[in-house]
Amino acid sequence: MLKHLEISNYALIEQLSIDFGAGLSVVTGETGAGKSIMMGALALVLGQRADTKVIQEGKTKCVVEAIFNVRDYGMEALFETLEVDYEHECIVRREVLDSGKSRAFVNDTPVNLQQLREVTSRLIDIHSQHESLLLGEASFQLDVLDSVAKSEQELVAYQQLYKTYKQLQHNYKTLSETAEKWRSERDYAQFQYDQLVAMQLLEDEQEQLEQEFEAMNHSEEVKTALALSLGHLEDDSSGVNLQLKDITSALCKIKTYVPAMADYEARVESALIELKDIASELQVSLNDTEFDPQRKEFVENRLNELYSLQQKHHVKTVIELLQLQADFGEKLQRIDSFDSELLELQKRLEEAEKNLEEAGAVLTQKRSAVKQEMEEIVSQKLGYLGMPNAQFIVDIATANHFLPTGYDVVNFLFSANKNATPQPIAQTASGGELSRLMLVIKSLIVSRTNLPTIIFDEIDTGVSGEIAHRMGEIMQLIAKTMQVITITHLPQIAAKGATHYKVYKYDTERTTITDIVQLNSEERIEQIAEMLSGKNPSVVAMDNARELLNTSV
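Under our numbering, think of the first position of the sequence shown as 20, with each following residue one higher.
Have a look at this one:
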């Protein structure tokens, strides 16, 4: 439950500090005193998006801090998941900076807004008068039904299966479209692949052919150079080899006298052997260098084919052509495998659909199981709130396709008058009827949840007199099992509170300030008397206030 709330530098609130107790607490104050400002500040710690406009003029930041008692609400696992230290007293703080940034903390550990909401959504629920309009929305009605049915786990299980089902649907559709597109391109891909395969491409053949073609174009020049080189090496009268033999012989004659010459002799001998090998290889090259018109034509045609393919496919090398060949081959294999892939996906989709149907049926069963009970309780309590002829019907229809929340289409039907046909709430309920209906539904929800605190922000709009008295009794009943804080403008409800707080506004030399104070017994009588008759209440109004308080205990 909410134990303490502290607000600083928020709108008209300079510094506000207030303790809350168990049971029913009521908050009153004149219109414009700042009750909505206090609720706006509290909404910050619940994860509402921040706006720098809320920072009090001249201040650099505003801070809202709430302390909750979480001892008996099984939140240890959540705190462990969020890596936040667990304490029986949970301190939630939100800071809004004038730079536009905001910071959130749970037990002094920084958290993001999503994590903040995960914590506070299990601690407190704020119901404003405007929220009553949500009663006409299908999504809110479904949420209400699921809360009463306690089908949260079943809904989460269904939604996980739904996500898988929709992903498989998307995958099947995408693959079908790809298969259809690629099949239309199969003949083209096959032609390109066959053409590339027929070329029997080799990675380095282009470079070799280009070198060979270049040599063919200069065959006479090559032969002349080879013949000249051989002549210099092997000429019988002055060839290099002959001269090296002479050098070897001369060095051999003197090595006996100069031993170091033996090394030179060996080195010259080695060079002679190397040159003889070179001469032999040059002779082979000379013999092979013959102009072959047919070979030149083949090489030229082959190169032209390679160049043509490269130009066609906008590439520059044979390696890139081989990669294209592999790509076309893979594409053809993929096209041929589409049928088996689609068949496998179809099986998985059918299995997912079956699982989804089963999960949806479980959801429908849980929702349908509480339908009659919910109708009876709501109708009965509406009768207690001055609508004896009220009819409330939970209409559950079946959609013709899967929805993100099952295949149930929920619609709350309502009629306040005798023999009137129930119609959708948005079309038939007045403001006062909506207020009573929402209170009844909220009381039904909280009776089935473990929520510590609920705040009613002027939920009593459109009612008065005896109906207000009975709405207060329902709040008292709710407060027996959880903390209830209600902001009200009705004395009948204000008198029901175990604790009474007054929000008020006053002027300083610099600005206008909003504050809150807990009223003692006498102050409470005077406040309720003012709610009954206005400022400066009469003795009669004071007596009426005392009687109202005495009869509300």
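Cβ atoms here follow ideal geometry from the backbone N, Cα and C, with glycine treated the same way.
With a threshold of 16 other CB atoms inside 10 Å of the CB of GLN342, please say whether the residue is buried or exposed.
The residue you call residue 342 lines up with position 323 of the sequence shown. Exposed: under 16 other Cβ atoms inside 10 Å.
Quickly, what does DSSP pair HIS519 with across the bridge? List them, please.
The residue you call residue 519 lines up with position 500 of the sequence shown. Under DSSP, HIS519 forms a beta bridge with VAL45.
Pairs of beta-carbons, one from the stretch 538-553 and one from the stretch 515-523, closer than 8 Å: are there three or more?
The stretch 538-553 is in contact with the stretch 515-523.
Where GLU229 and VAL303 are concerned, what is the direct C-alpha to C-alpha distance, given to the nearest angstrom?
Your numbering for residue 229 matches position 210 in the sequence shown. Your numbering for residue 303 matches position 284 in the sequence shown. Rounded to the nearest angstrom, the two C-alpha atoms are 21 Å apart.
Taking the continuous alpha helix (DSSP H) assigned at GLN495, which residues delimit it?
Start at 1 with the first residue of the sequence shown, and residue 495 comes out as number 476. Run containing GLN495: 484-497, per the alpha helix (DSSP H) assignment.
If you pair each beta-carbon of the stretch 501-509 with each one of the stretch 32-47, do three or more pairs fall below 8 Å?
Yes, they touch.
Complete alpha helix (DSSP H) runs within the stretch 346-423 (minimum length 4 residues, chain order)
Within the stretch 346-423, no complete alpha helix (DSSP H) run reaches 4 residues.
Expected contact under 8 Å - CB spacing of LYS515 and GLU492 to nearest Å:
Walking along the sequence shown from the start, residue 515 turns up at place 496. Walking along the sequence shown from the start, residue 492 turns up at place 473. Taking the Cβ atoms as the reference, LYS515 lies roughly 7 Å from GLU492, within the contact range of under 8 Å.
Could you tell me the alpha carbon to alpha carbon distance between PHE39 and GLU372, rounded to whole angstroms?
For the purposes of this step, residue 39 is identified with residue 20 of the sequence shown, where counting begins at 1. For the purposes of this step, residue 372 is identified with residue 353 of the sequence shown, where counting begins at 1. Roughly 50 Å separates the two Cα atoms.
Contact under 9 Å by Cβ, LEU305 with LEU252
Working through the sequence shown from its first residue, we reach residue 305 at position 286. Working through the sequence shown from its first residue, we reach residue 252 at position 233. Not in contact: LEU305 and LEU252 (Cβ atoms no closer than 9 Å).
Boundaries of the alpha helix (DSSP H) in which VAL459 is found, first to last residue:
Residue 459 sits at position 440 when you count from the first residue of the sequence shown. Segment 450-465, the alpha helix (DSSP H) holding VAL459.
contact_flag[the stretch 428-437, the stretch 106-118] where n(CB pairs < 8 Å) is 3 or more:
In this structure the stretch 428-437 does not touch the stretch 106-118; the number of beta carbon pairs closer than 8 Å is below three.
Whose C-beta lies closer than 8 Å to the C-beta of ARG489 among residues of the same chain, with five residues either side of it excluded?
Translated into positions along the sequence shown, residue 489 becomes position 470. Around ARG489: TYR403, LEU404, GLY405.
So is TYR184 buried or exposed if we call it buried at 16+ other beta carbons inside 10 Å?
In the sequence shown, counting from the first residue as 1, residue 184 sits at position 165. Under the 10 Å beta carbon count, TYR184 is surrounded by 16 or more other beta carbons and is classified as buried.
I believe PRO423 touches GLN186 by the beta-carbon criterion, under 8 Å. Please report the beta-carbon distance rounded to the nearest angstrom.
Mapped onto the sequence shown, residue 423 falls at position 404. Mapped onto the sequence shown, residue 186 falls at position 167. The pair is not a contact, with the Cβ atoms about 13 Å apart (cut-off 8 Å).
In three-state terms, what does DSSP make of ASN430?
Position 411 of the sequence shown, counting from 1, holds the residue named residue 430. Strand at ASN430.
Going by C-alpha to C-alpha distance, which of GLY553, ASN539, ILE532 sits closest to LEU31?
The sequence position of residue 31 within the sequence shown is 12, counting from 1. Nearest option by C-alpha distance: ILE532.
Just confirm the distance between the C-beta atoms of GLN344 and TYR212, as a whole number of angstroms; I'd bet it's less than 8 Å.
As a first step, residue 344 must be located in the sequence shown, where it is residue number 325. As a first step, residue 212 must be located in the sequence shown, where it is residue number 193. Sure, about 6 Å apart at Cβ, within 8 Å.
Taking the straight line between their C-alpha atoms, what separation do you get for ILE297 and ASP206?
Looking up residue 297 in the sequence shown gives position 278. Looking up residue 206 in the sequence shown gives position 187. If I take the Cα positions, the gap works out to 55 Å.
Give the single residue among TYR92, ASP358, LEU249, LEU180 whose Cα lies nearest to the Cα of THR574.
Nothing about residue 574 can be read from this structure; the chain reaches only from 20 to 572.
Reducing DSSP to helix, strand and coil, say where ASN28 ends up.
Sequence index remark: in the sequence shown, residue 28 carries index 9 (1-based). Strand.
Given 8 Å, three or more beta-carbon pairs between the stretch 325-338 and the stretch 240-259:
With the rule of 3 Cβ pairs closer than 8 Å, the stretch 325-338 does not count as touching the stretch 240-259.
Quick one: grab the DSSP three-state call for PHE87.
As a working mapping, residue 87 is identified with position 68 in the sequence shown. Shown here, PHE87 sits in a strand according to DSSP, grouped into three states.
Roughly how many whole angstroms lie between the Cα atoms of GLU222 and GLU377?
As a first step, residue 222 is located in the sequence shown; it is residue number 203 there, counting from the start. As a first step, residue 377 is located in the sequence shown; it is residue number 358 there, counting from the start. Here the alpha carbons of GLU377 and GLU222 stand approximately 58 Å from one another.
Inter-residue Cα distance where the pair is ILE396 and GLN511
Stepping through the sequence shown from its first residue, residue 396 is reached at position 377. Stepping through the sequence shown from its first residue, residue 511 is reached at position 492. ILE396 and GLN511: Cα-Cα distance of roughly 24 Å.
On the DSSP bridge list, what partners appear for ASP534?
As a working mapping, residue 534 is identified with position 515 in the sequence shown. Beta-bridge pairing links ASP534 to TYR523.
Taking all protein chains shown into account, do 16 or more other C-beta atoms lie within 10 angstroms of the C-beta of PRO407, making it buried, or fewer, making it exposed?
Here residue 407 is taken as the residue at index 388 of the sequence shown, counted from 1. So PRO407 counts as exposed.
Minimum C-alpha distance to HIS23 - residue among ILE37, GLU33, TYR29:
Reading the sequence shown from its first residue, position 4 is the one you call residue 23. Nearest of ILE37, GLU33, TYR29 to HIS23, Cα basis: ILE37.
VAL115: first and last residue of the uninterrupted beta strand (DSSP E) it sits in:
Mapped onto the sequence shown, residue 115 falls at position 96. Unbroken beta strand (DSSP E) run through VAL115: 108-116.
Where does ILE143 sit, in a helix, a strand or coil, going by DSSP?
Residue 143 sits at position 124 when you count from the first residue of the sequence shown. Reduced to three states, the DSSP call for ILE143 is strand.
Where does the unbroken beta strand (DSSP E) through PRO441 begin, and where does it stop?
One-based indexing of the sequence shown puts residue 441 at position 422. No beta strand (DSSP E) contains PRO441, which DSSP labels as neither H nor E.
Endpoints, alpha helix (DSSP H) assigned at ARG321:
For the purposes of this step, residue 321 is identified with residue 302 of the sequence shown, where counting begins at 1. Note, ARG321: alpha helix (DSSP H), 312-332.
Does HIS251 come out as helix, strand or coil in the three-state DSSP assignment?
Looking up residue 251 in the sequence shown gives position 232. Helix, per DSSP.
Within this structure, are the beta carbons of LEU101 and VAL130 separated by less than 9 Å?
As a first step, residue 101 must be located in the sequence shown, where it is residue number 82. As a first step, residue 130 must be located in the sequence shown, where it is residue number 111. Yes. Within cutoff.
What number of angstroms, rounded off, separates the C-alpha of ALA217 from the C-alpha of LYS264?
Within the sequence shown, residue 217 is the residue found at index 198, counting from 1. Within the sequence shown, residue 264 is the residue found at index 245, counting from 1. Straight-line Cα distance between these residues: approximately 56 Å.
Return the Cβ separation of VAL111 and TYR29 in integer angstroms, given the expectation that the two are a contact with Cβ distance under 8 Å.
Along the sequence shown, read from residue 1 onward, the residue named residue 111 stands at position 92. Along the sequence shown, read from residue 1 onward, the residue named residue 29 stands at position 10. The pair is not a contact, with the Cβ atoms about 15 Å apart (cut-off 8 Å).
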